[in-house]
Every structure is written in structure tokens, then in C-alpha cells.
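*Asks:* Provided herewith is a single structure, encoded as C-alpha cells, for subsequent inquiry.
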Amino acid sequence: MAKDKIAYVCSNCGQESSKWIGKCPSCGQWNTFKEIRIANDSGQMAAKHAAASVRNTRDERNRPVLLKDISAKDEPRIDMHDGELNRVLGGGLVRGSIVLLGGEPGIGKSTLTLQTILTMPEMKILYVSGEESVHQLKMRAERIAHGDNDNCLILCDTSLENIFAHIKNEQPDIVVIDSIQTISTSDVDSSPGSITQVRECASALLRFAKSSGIPVILIGHINKEGTLAGPKILEHIVDTVIQFEGDQHYMYRILRSMKNRFGNTSELGIYEMRENGLREVGNPSELLLTQDHDGLSGIAISSAIEGVRPFLVETQALVSSAAYGTPQRSATGFDQRRLNMLLAVLEKRVGFKLMQKDVFVNIAGGLRVTDLAMDLSVIAAVLSSNVDTAIESGWCMAGEVGLSGEVRPVSRIEQRIAEAEKLGFSHIIIPKYNIQGINHKKYNIQLVPVRKVEEALRALFG
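Numbering (our numbering), first residue to last: 26 to 487.
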């Protein structure tokens, strides 16, 4: 019997080395190399036996093909009966793909997966749980009550070899693994959840999915740094990485695509957590703007876009005198470095002194928005709180702010205007460059084009 191979893998980026290194040459992190033992088989035989027993949707002989002979049609997708999940996946689940769903413990990953498969009675689904018993899953299924799937099979096992044996016997249409950190193979001499086990089990499941055409959904946890637990190579192995985000103290959950070989990575889905499971939020603007803020300072409404979906989001700011000498800068749902840059623009270009004041910015609803068009609303909310003057109701804005104080154009301005008009806003501040080519007659909302930050603040506060 051949001797097992010893290797060292960076837990941050997946870089391999034959010896231990203090600093990773790939990502530059220190003390991240962990010793792993690579067995001769590494789970390959189990995956091959399982793949050979199910129907094979690909050609057995892999040979080069001319580019002109390859069909450009999209691969057939499986409808998940969930509009938000279908959008994030790029239109549905691709056959033979492997999807990694990550998120913090208790955020709702298992609930989302279970309620989705319960609404797919036409598919035979094998749900493998390594964390919960069959009774716990039954109680959760009765609580969410999103449907009754007679073709949903529940398996509580953590052995990869046993899982492949059940796949061979049942021949499901979709396989769900909850979670990948609990699965282990006997070919690797390490505990479940270790770098070696996670990588080898994911590789075996990938070979099975590609050779059999059966899609696999993996559920994974994230560590305290906010990244998926396990080696970074796990994200390179899978076809799609989607992350379930949100604050457990808020009702909203965000499903965000981090990597997608079959769709757009800028898509996101929004859910509302309820006692009976997760509810799709078709129009998030109406839910995010339910509060009446007349007469309250430090609040501005921005027309943002995430993926292809426009929605209005509320920006809150609080400016107060620094009580402890050193001013604080805090941002929730907004980039902290971007906030510091916008405050510097306010001081240098507009003339408002904020050096000795605490500034707090929050995106309402627990959302985290990365759209640069939020800049104008952040500056407006900060200034509104600083002078303790409320912004009139019916005003919203969209614009990126440059270092020289100019308001830069943003993309898809017509969608932003239409969303604001639909929700009853009377005025919207937009970059002056975006006004070109817009037909004013088709909008009932008044467009206020501005070129510099001073013009926007003058329109809001007079």
C-alpha cells in the first residue's frame, strides 16, 4: 500500500506547498498554512461508482470539439418555484452544477433550502442532513408548511461513502448536503470539517455532479471573518456561490450571488423572515419606506440598484459633538472608507467642519448596499443631521460624488426615476450629465439635475 502524501495548504486562499511556509506567497497572510494528509484514493472511487450507476447526460468519450460546432443555447434549468432564488441563480438551477449556499449559523440557510424543495413535488430530492435528526426536519417542515413533497427523501448521515450508496439506490433528481462541514470520507485521516475533509468531499461531489448531470446544493457555514469556512479552494471548486446575509435582529434577509458561472453575480434576492418561514419580497421599496419621517432630520431617500432591480432605500445619519475627544466614524450597511471620503469632500469642497464631531450612518432595514449612487443621499443625510433640518417629504436622489465635489453620472437612471415615480415621490435629484436623452414628458416626477454637491444641497435646504 502506498504511503499517504503530506502537504500544506493555506486556509485563506488554498495555495499548496510541499513544506510549511510562514507567509503565503499567494495572498500574503501569515501562519495560514495547515498540514493535511492526502490519501491515495481521496474519495475518487466512491464518486466514480456513484456516477456510473445513475443516468449519464454527457458523452462518455471526452474529445475536442470545434468551437463552431458547439451549441450556444442555454443549458436547461430547473425551476426552483422561488422567484428570488431563480433570479440569483441566473434563471434556475443548471443540471450537473454544484451550488454552495453560505451564511452565518441561524440565519435561515436550512429553512430556505427546505421550504424550496417542499414546493417541488415534480422532482425527486435527496436531503442529506449531518446536523439535524429526521424529527427536527419534520418539525421544521410542518412549521413552514410551504407544501407537501411526496418525493422528498431525508437522510441523516455524515459518511460520504454511505451517501453515494443511497444516491445509487434512490437515483434522485437533486441532492442537498446540509452541511458540507459535517461530511467526511474514510479515505482521509482527519476529522470532519478539516481542510482536507472539506476539500476532498467537495471534489468528490463535484465529479459526481459533472459526470451524472444531477445538481448538488451544498450548505456551508462562514467563519468569524465573514468568509466561507474551509479552504478558499472550496469556492473555486463549485459553480455558484450564494451567500445568505442579514442581521438576526431584523426581519429582512439578503440572498447575494458571489460567484456564478451561469449568470450575473450582481443579482440579489430579498426575503422577509416570518414564523412560518421566509417570504419573498417582490417590491422591497414599499417595505423599506413604510415609516413616516416628516419633520425628522438626518434621513434621506436614495434610488439604488442592485443587480437589475431598482429600489428606494432609506439612509439615516446622526452627527453630534465628540464627547470623548476623538471623533467616531461608524457605518452600518455602507462602506466605512467611502464614508470617510464623503466627509472629507464635505469639509474641503462644501465648507462644513465635521472634524470634531461624531458621524454615524445606517442603511435602514439591515441592508448592505454597494451602489455608488448612494453617495448623494449619505451626504444629504449627514448635512441634514448636522444642521438639524429635515429634508422635505417627496424628495429622493441618486448620484455618485467625486473627490472634487462634482456629482458624477450613474447607470440606468431611467429605472431609478420610474421607481421613485411609482412610489409617489415628487422630486428626484440626478446628475446633470444623466439628463441628456431623457424624455421629460413621460414622467410626472420633477427632475432636478445638479452638477456639484453644493447645487444638490441648495435644492434640498435652500
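Even glycine gets a Cβ: it sits at the ideal position worked out from N, Cα and C.
How many Å lie between V435 and L118 at the Cα?
*Replies:* Looking up residue 435 in the sequence shown gives position 410. Looking up residue 118 in the sequence shown gives position 93. So the two alpha carbons sit approximately 32 Å from each other.
*Asks:* Which one or two residues does DSSP pair with Q268 in a beta bridge?
*Replies:* Against the sequence shown, residue 268 aligns to sequence position 243. In the DSSP output, where bridge partners are listed per residue, Q268 has G127 and R281.
*Asks:* The alpha helix (DSSP H) spanning D400 covers which residue range?
*Replies:* Position 375 of the sequence shown, counted from the start, is the residue given in the question as residue 400. Counting along the chain, the alpha helix (DSSP H) containing D400 begins and ends at D400 to V412.
*Asks:* Count the other CB atoms within 10 Å of the CB of C226; is the residue buried (16 or more) or exposed (fewer)?
*Replies:* Walking along the sequence shown from the start, residue 226 turns up at place 201. By the neighbour-count rule (16 or more Cβ atoms within 10 Å), C226 is buried.
*Asks:* Consult DSSP for K48 and reduce its assignment to one of helix, strand or coil.
*Replies:* What you label residue 48 is simply residue 23 of the sequence shown in a count that begins at 1. Reduced to three states, the DSSP call for K48 is strand.
*Asks:* Pair every Cβ in the region 285-301 with every Cβ in the region 255-272, then say whether three or more of these pairs are closer than 8 Å.
*Replies:* Yes: at least three Cβ pairs fall under 8 Å.
*Asks:* Does the separation of the CB atoms of E109 and G358 fall below 8 Å?
*Replies:* As a first step, residue 109 must be located in the sequence shown, where it is residue number 84. As a first step, residue 358 must be located in the sequence shown, where it is residue number 333. No.
*Asks:* Could you tell me which residues DSSP pairs with M422 in its beta bridges?
*Replies:* What you label residue 422 is simply residue 397 of the sequence shown in a count that begins at 1. S327 and I454.
*Asks:* How should L103 be labelled, buried or exposed, when 16 other C-beta atoms within 10 angstroms of its C-beta is the threshold for buried?
*Replies:* Taking the first residue of the sequence shown as 1, we reach residue 103 at position 78. Looking at the sequence itself, residue 103 is Ile, so the reference to Leu does not match. The residue is buried, with at least 16 neighbouring Cβ atoms inside 10 Å.
*Asks:* Give me the residue from L162, F385 and I199 with the minimum Cα distance to M105.
*Replies:* Taking the first residue of the sequence shown as position 1, residue 105 is located at position 80. Considering only alpha carbons, the answer is I199.
*Asks:* In chain order, which continuous runs of the beta strand (DSSP E) of length 3 or greater are located wholly inside the region 211-254?
*Replies:* Complete beta strand (DSSP E) runs here, min 3: 241-246.
*Asks:* I'd like the list of long-range same chain contacts for T183, defined as Cβ closer than 8 Å, with 5 residues on each side in sequence excluded.
*Replies:* For this step, residue 183 is matched to residue 158 along the sequence shown. Taken in chain order, the residues that qualify are G155, T207, I208, S209 and P217.
*Asks:* Hey, would you say Q341 sits closer than 8 Å to A405, going by beta carbons?
*Replies:* The residue you call residue 341 lines up with position 316 of the sequence shown. The residue you call residue 405 lines up with position 380 of the sequence shown. No, the Cβ-Cβ distance between Q341 and A405 is not below 8 Å.
*Asks:* Below 7 Å CB to CB, which residues in the same chain sit around E4 once its five sequence neighbours on both sides are set aside?
*Replies:* Residue 4 lies beyond the residue range present for the chain, which begins at 26 and ends at 487; the question has no answer from this structure.
*Asks:* Can you name the residues that DSSP bridges to T357?
*Replies:* Mapped onto the sequence shown, residue 357 falls at position 332. DSSP, once it has assigned bridges, lists N387 as partnering T357.
*Asks:* For M298, which beta-bridge partners are listed by DSSP?
*Replies:* Position 273 of the sequence shown, counted from the start, is the residue given in the question as residue 298. Looking at the DSSP assignment, M298 forms a beta bridge with L303.
*Asks:* Would you mind working out which of E439, R362 and G238 sits nearest G424, comparing C-alpha positions?
*Replies:* To locate residue 424, count along the sequence shown from 1; it is residue 399. Comparing Cα-Cα distances from G424 to each of E439, R362 and G238, the minimum goes to E439.
*Asks:* Tell me whether T290 sits in a helix, a strand or coil according to DSSP, three-state version.
*Replies:* Within the sequence shown, the letter at position 265 stands for residue 290. Three-state result, T290: coil.
*Asks:* Which word fits P101, buried or exposed, when buried means at least 16 other C-beta atoms lie within 10 angstroms of its C-beta?
*Replies:* Mapped onto the sequence shown, residue 101 falls at position 76. P101 should be labelled exposed.
*Asks:* Quick test of the definition: if touching needs 3 or more C-beta pairs under 8 Å, does the region 318-335 touch the region 403-423?
*Replies:* Contact between the region 318-335 and the region 403-423 is present, because at least three Cβ pairs lie under 8 Å.
*Asks:* So the beta strand (DSSP E) E339 belongs to, where does it begin and stop?
*Replies:* If you number the sequence shown from 1, residue 339 lands on position 314. Unbroken beta strand (DSSP E) run through E339: R334 to S346.
*Asks:* Kindly indicate which three-state DSSP category V200 falls into: helix, strand or coil?
*Replies:* Residue mapping note: residue 200 aligns to position 175 of the sequence shown, counting from 1. The answer is strand: DSSP assigns V200 an E or B state.
*Asks:* By the DSSP assignment, the alpha helix (DSSP H) with Q140 in it spans what residues?
*Replies:* Here the question's residue 140 lines up with position 115 in the sequence shown. Unbroken alpha helix (DSSP H) run through Q140: K134 to L143.
*Asks:* Can you give the Cα-Cα distance for F233 and I188, rounded to whole angstroms?
*Replies:* For this step, residue 233 is matched to residue 208 along the sequence shown. For this step, residue 188 is matched to residue 163 along the sequence shown. When rounded, the distance between both Cα atoms is 12 Å.
*Asks:* I'd like to confirm the pairing. Which residues does DSSP put opposite D472 in its beta bridges?
*Replies:* Here the question's residue 472 lines up with position 447 in the sequence shown. Looking at the sequence shown, residue 472 is not Asp but Leu. Answer by DSSP bridge pairing, in chain order: I453.
*Asks:* Can you give me the C-alpha to C-alpha distance between K30 and K149, rounded to a whole angstrom?
*Replies:* Reading the sequence shown from its first residue, position 5 is the one you call residue 30. Reading the sequence shown from its first residue, position 124 is the one you call residue 149. Those two C-alpha atoms are separated by around 39 Å.
*Asks:* Any contact of the region 136-148 with the region 298-315, i.e. 3+ C-beta pairs under 8 Å?
*Replies:* A contact exists between the region 136-148 and the region 298-315.
*Asks:* Under 7 Å from any heavy atom of the ligand ATP, does the C-beta of L126 make it?
*Replies:* The ligand ATP is absent from the structure shown, which contains no ligands of any kind.
*Asks:* Report the CB separation of G391 from G307 in whole angstroms; it is logged as a contact under 8 Å.
*Replies:* If you number the sequence shown from 1, residue 391 lands on position 366. If you number the sequence shown from 1, residue 307 lands on position 282. The pair is not a contact, with the Cβ atoms about 18 Å apart (cut-off 8 Å).
*Asks:* DSSP beta-bridge partners for L151?
*Replies:* Sequence index remark: in the sequence shown, residue 151 carries index 126 (1-based). Paired residue(s): L178 and V200.
*Asks:* Count the other CB atoms, across all protein chains shown, that sit within 10 Å of the CB of W55; report buried if there are 16 or more and exposed otherwise.
*Replies:* Counting from 1 along the sequence shown, the entry for residue 55 is found at position 30. The residue is exposed, with fewer than 16 neighbouring Cβ atoms inside 10 Å.
*Asks:* Could you give the residue range of the beta strand (DSSP E) that holds K193?
*Replies:* In the sequence shown, residue 193 corresponds to position 168, counting from 1. Unbroken run through K193 is the alpha helix (DSSP H), L185 to E195; no beta strand (DSSP E).
*Asks:* What is the rounded straight-line gap between the Cα of R334 and the Cα of I132?
*Replies:* Translated into positions along the sequence shown, residue 334 becomes position 309. Translated into positions along the sequence shown, residue 132 becomes position 107. Going from the Cα of R334 to the Cα of I132 covers about 23 Å.
*Asks:* Mind checking which residues open and close the beta strand (DSSP E) that includes A32?
*Replies:* As a position in the sequence shown, residue 32 is number 7, starting the count at 1. Residues K30 to C35.
*Asks:* Anyone know if the C-beta pair for D400 and Q353 falls short of 8 Å?
*Replies:* Counting from one through the sequence shown, the residue named residue 400 turns up at place 375. Counting from one through the sequence shown, the residue named residue 353 turns up at place 328. No, these two residues do not count as a Cβ contact at 8 Å.
*Asks:* Which same chain residues end up closer than 7 Å to D38 when comparing Cβ atoms and leaving out the 5 residues on each side of it in sequence?
*Replies:* Translated into positions along the sequence shown, residue 38 becomes position 13. As written in the sequence, residue 38 is Cys, which differs from the Asp given in the question. So the list reads C49, S51, C52 and K257, once near-sequence residues are dropped.
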